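Engineer: Before anything else, here's the structure in question.
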Amino acid sequence: MTRASPALAAVALAIGLLLVVFLVVPVTAVVYTAFADGQGGFTLAHFAAFAEISLMRESFANSLYVAGFTVVFATIVAVPLAYLTVRFQFRGAVLIQTLGVLPLVMPAFVGASAMQLLFGRSGSLNLILKDAFGFTLPLMEGLNGVIFVETLHYFPFILLNLSAALANIDSSMEESAQNLGSSGWRLFSRIVFPLALPGYVAGASLVFIKVFDDLGTPLVLNVTNMLAPQAYLRVTSIGIEDPVGYVICVILVLFSIAAMAGSWWFVKRRDYAVVSRGGAMAPRRKLTAWQTFLAYGWIGAVLLLVLSPHLGILLLSFSKVWSFTVFPEQFTTAHYATVSEDSTRMIWNTFLYCGLAAFVDVIIGTAIAYIVLRTTLPGRQILDHLVTVALAMPGVVLGIGYLRTFKGIEIPFGGGALTASWLIFVIAYAVRRLPYALRSCVAALQQVHPSLEEAAENLGASRWRVIRRVVVPLMAGGILAGFVTSFITAAVEISETILLTSRESLAPMSYGIYLYMQSIAGRGPGAALGVIAVVLVAVGTYLSHRFVAANAPQNQSTGAKP
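Each number in our numbering corresponds to the 1-based position in the sequence shown with 26 added.
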C-alpha cells in the first residue's frame, strides 16, 4: 500500500459526500420523521399510533409470517437439491444446478400473474386436480400465494450459498465420521450440515430480507396487508407527510439490518474452520437404484416448479384467450405488437437509466476499490461500510426518503424538479446497485498484483497513468461484470420505480409491467414486456459470467508439467 495523494483524498471525499447526500441523508430523513413531533422534538407517538391500528398490526404479523415461512419452504427446496447435486454422483448435475438458479433471472413480480393462471383457484393445476380427484389446492390464495411465489423465486440464494459451503468441506471430516459408523441422516445432520451452516445462514438471511421488504409481488397479487405495500399505499394515498408510513419504513430498515447482523453474529459465535489436509472435497457417493429413483423424482418435481413461472409468462405473452382452461385456447403475437407500439419509450428509458446508473457504479466502485486496497488513506474503510449500508436498505424506504428529502429541489439551468425528472431514477438505481459493482471491482483488483503497478512507477509512470494504463485494463473483466450486474438488477427494480415515477413518459420497463398487470386486458402485453425483461436479464447474466470466466486468473504451475 502507498500513501494517498491529495488528489485521491479529494476523490474519496467526493465519493463520501455523494453517499452521504444520496444515501445517508434520505434514510436519516425517514428515521427522523418517524420520531419527530412536528415541532423539532422527539416522540414515540407515531409508533403508538402504528400499534393502535389493527391493519398495521396485521401487516406486521403478515410480513413476519410470509418472510419466515418463505425461508422454511425455501430451505425444504434448496437443502436437498444442494446436498444431492454436490455430494452424490448425478448425471446432469451441472444442468440441474443451472436450472436451479433460473428463478433469479426472472423478477418475482413478473411471474406472479402467470403463476395465478397455473396454480390459482381456477388455474391449470387445480383444473386437473378437480377433474381427476375432486379437490383443489389453495396455493395462490392470499398470503399463501405470496409465500409460494417468493419461495420459488428466492430459494436459489440458499442453494448457491449452501452448495459453495458444501463443496468447501474437507473430505477428511466426513471420512472420519463414516469410519466411526455414521451415515445417512446422522452424517448429514451431525457433521455435514453443521460445517456448512455459515453458507446456509447467509442464504437464509438474504431470503428473509428480500421477502420482508418486497413490494412488487404482493401488489401484483393484490395482497396489501403487509408492511411494504402499506408503506407504499400510505404515502401515495394519504401523502408524503403521513408519519405512520415512516414508522413502517423504520421497521423495514431495522429488520433488514437485524437479519444481516443476526446472521453474522450467529456464524461468528462458533468456529466452523477445519484443519484441512489439502482442501480435497469429499468424493461423490453413489446412490442405490431406489435412492436414485427418489432423488431424480424430487429434483424433477423441484425443477418443474422452478420452470413454471417462465413457462407461464411465455404462454401468457402469446395467449389470446386463457381462462378456466389448462392451456391457452388461442395464441397471438398481438401482445408483442402492442408492446412495440406503446412501450418502446419504456424500453429505451430502461436502457438509459440503468446504463447510466451502472456506468456511475463501476466508476465509483473502481475508485473505492483502489482507495481501500491500494492506499493507507485514514478512514478509507468507511466508504466500503457506507456502500454496504445500501445493501440493507429496502427500495421502498429509499424511494420514500428521496421523495421527502429532495422535494422542491430544482435541477440547475431550468431542469425542473429533481423528483419529477429522469435523473432521480439514475441516482436511485446507482445507489441501490453500487454494492454489486463494488464487490466485482474489489474482486478484480485483488487479482492484480501490486508489483505490476510498482514496475510501471519505477519506469517513470505517474500514479494516474498507472491507474489508467495498467490497473483499469487489468480490472476490465471485473468492471464489465460489475456493470452488467448493476444494469440487470436495476432493470427489474420495482420498489423505487413505482414510488419515483411521476408520469408515464418517464417510466422504465418494470413500471410498465406493473401497470399492465393491474388489469386482465393488460396481462398479455404485460407478459410480453416481462419476457423482454427476462431475456434482457438472461443475456446480461450470461455476458457477466462470460466476462468473469474470460478474465479469471489461470492456475500457475510450480514446476509440474501440465
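Cβ atoms here follow ideal geometry from the backbone N, Cα and C, with glycine treated the same way. Note that the structure is a prediction, hence the values are computed from the model and not measured.
Within the continuous beta strand (DSSP E) that includes serine 345, where are the two ends?
Structural biologist: 345 to 347
Engineer: Got a sec? Which residues, its chain only, sit under 8 Å from phenylalanine 214 by beta carbon, not counting five neighbours each side?
Structural biologist: Tyr109
Engineer: Per the contact definition of three or more C-beta pairs closer than 8 Å, is the stretch 87 to 97 in contact with the stretch 495 to 510?
Structural biologist: no
Engineer: Measure the CB-CB distance between serine 536 and isoleucine 520 and report whether it falls below 9 Å.
Structural biologist: yes
Engineer: Mind pulling the alpha helix (DSSP H) runs of 4 or more residues that sit fully within the stretch 461 to 540?
Structural biologist: For secondary structure counted as the alpha helix (DSSP H) over 4 or more consecutive residues, the stretch 461 to 540 holds these complete runs in sequence order: 476 to 484, 489 to 492, 502 to 517, 521 to 526.
Engineer: So, with DSSP's three-state summary, where would you put glycine 425?
Structural biologist: helix
Engineer: With distances taken between CB atoms, is the gap from methionine 141 to valine 175 smaller than 9 Å?
Structural biologist: yes
Engineer: When DSSP labels each residue in this structure, what does alanine 134 get in the three-state scheme?
Structural biologist: helix
Engineer: Taking a contact to mean a Cβ-Cβ separation below 9 Å, would you say alanine 383 touches arginine 491 in this structure?
Structural biologist: no
Engineer: Put threonine 401 into one of helix, strand or coil per three-state DSSP.
Structural biologist: strand
Engineer: Hey, how far is the Cα of threonine 392 from the Cα of glutamine 65?
Structural biologist: A straight line joining the alpha-carbon of threonine 392 with that of glutamine 65 spans about 43 Å.
Engineer: Taking the alpha carbon of glutamate 167 as the point to measure from, which residue in Tyr379, Leu313, Leu144 has its own alpha carbon closest?
Structural biologist: Leu144
Engineer: Measuring CA to CA, which of Thr162, Leu121, Cys275 is closest to isoleucine 426?
Structural biologist: With distances taken between Cα atoms, isoleucine 426 lies closest to Cys275.
Engineer: Roughly how many angstroms lie between the CA atoms of leucine 329 and leucine 128, to the nearest whole one?
Structural biologist: 10 Å
Engineer: For leucine 555, I'd like the list of residues in its chain whose CB is within less than 7 Å of its CB, leaving aside the five on either flank, ordered along the chain.
Structural biologist: If we look at leucine 555 and ignore the five residues flanking it on each side, its Cβ neighbours are Val365, Ser369, Met535, Gly538, Ile539, Tyr542.
Engineer: In terms of residues, what are the limits of the alpha helix (DSSP H) holding phenylalanine 61?
Structural biologist: For phenylalanine 61, the uninterrupted alpha helix (DSSP H) run begins and ends at 51 to 61, by DSSP.
Engineer: Quick one: any contact between the stretch 344 to 358 and the stretch 422 to 438, if contact means 3 or more CB pairs under 8 Å?
Structural biologist: no
Engineer: Give every residue of the same chain whose Cβ lies closer than 7 Å to the Cβ of leucine 253, excluding the five residues on either side of it in the sequence, and list them in chain order.
Structural biologist: Ser85, Phe86, Ser89, Ile274, Ile277, Leu278
Engineer: Considering just the uninterrupted stretch of the alpha helix (DSSP H) at serine 150, what are its terminal residues?
Structural biologist: 150 to 159
Engineer: State the DSSP-derived secondary structure class of phenylalanine 589, mapped to helix, strand or coil.
Structural biologist: Beyond the ends of the chain as shown, which are 27 and 588, falls residue 589; an answer cannot be given.
Engineer: Between valine 112 and the rest of its own chain, which residues show a CB-CB distance below 7 Å, the 5 nearest in sequence each way excluded?
Structural biologist: Ser189, Leu192, Ala193
Engineer: Using a 10 Å radius around the Cβ and a threshold of 16 neighbouring Cβ atoms, would you call isoleucine 325 buried or exposed?
Structural biologist: Around the C-beta of isoleucine 325, 16 or more other C-beta atoms lie within 10 Å, and the residue is accordingly described as buried.
Engineer: What does a CB cutoff of less than 6 Å around valine 97 pick up in its chain, not counting 5 residues either side in sequence?
Structural biologist: Excluding positions up to five away in sequence, the list reads Ala230, Val233, Phe234.
Engineer: Taking all protein chains shown into account, decide if valine 422 is buried (16 or more other Cβ within 10 angstroms of its Cβ) or exposed.
Structural biologist: With 16 or more other Cβ atoms within 10 Å, it is buried.
Engineer: Taking 9 Å as the threshold (C-beta atoms), are serine 289 and alanine 228 in contact?
Structural biologist: The Cβ-Cβ distance between alanine 228 and serine 289 falls below 9 Å.
Engineer: According to DSSP, alanine 443 sits in a beta bridge with which residue or residues?
Structural biologist: Glu436
Engineer: Would the stretch 256 to 264 count as touching the stretch 280 to 288 if we require 3 or more Cβ pairs under 8 Å?
Structural biologist: no
Engineer: Do the stretch 67 to 87 and the stretch 442 to 458 make contact, defined as three or more Cβ pairs closer than 8 Å?
Structural biologist: no
Engineer: Rounded to a whole number of angstroms, what is the C-alpha to C-alpha distance between phenylalanine 353 and histidine 475?
Structural biologist: 57 Å
Engineer: Since leucine 21 and proline 182 should fall inside the 8 Å C-beta cutoff, what is the C-beta to C-beta distance between them, to a whole number of angstroms?
Structural biologist: Past the edges of the chain, shown from 27 to 588, lies residue 21, and the structure says nothing about it.
Engineer: Which residue from Leu45, Gly503, Asn484, Arg216 puts its Cα closest to that of alanine 467?
Structural biologist: Sequence inspection shows cysteine at residue 467; the alanine mentioned does not correspond to that position. Among Leu45, Gly503, Asn484, Arg216, the Cα nearest to that of cysteine 467 belongs to Gly503.
Engineer: Going by alpha carbons, who is nearest to valine 332 out of Leu39, Thr124, Ala315, Met82?
Structural biologist: Thr124
Engineer: Looking at C-alpha atoms only, which residue of Phe159, Ala284, Ile122, Ile394 is the closest neighbour of leucine 464?
Structural biologist: Ile394
Engineer: Which same chain residues, not among the five before or five after leucine 153, have their C-beta less than 8 Å away from its C-beta?
Structural biologist: Phe350, Thr351, Val352
Engineer: If you pair each beta-carbon of the stretch 48 to 62 with each one of the stretch 401 to 416, do three or more pairs fall below 8 Å?
Structural biologist: Touching, yes.
Engineer: The alpha helix (DSSP H) that contains aspartate 368, what's its start and end?
Structural biologist: 360 to 368
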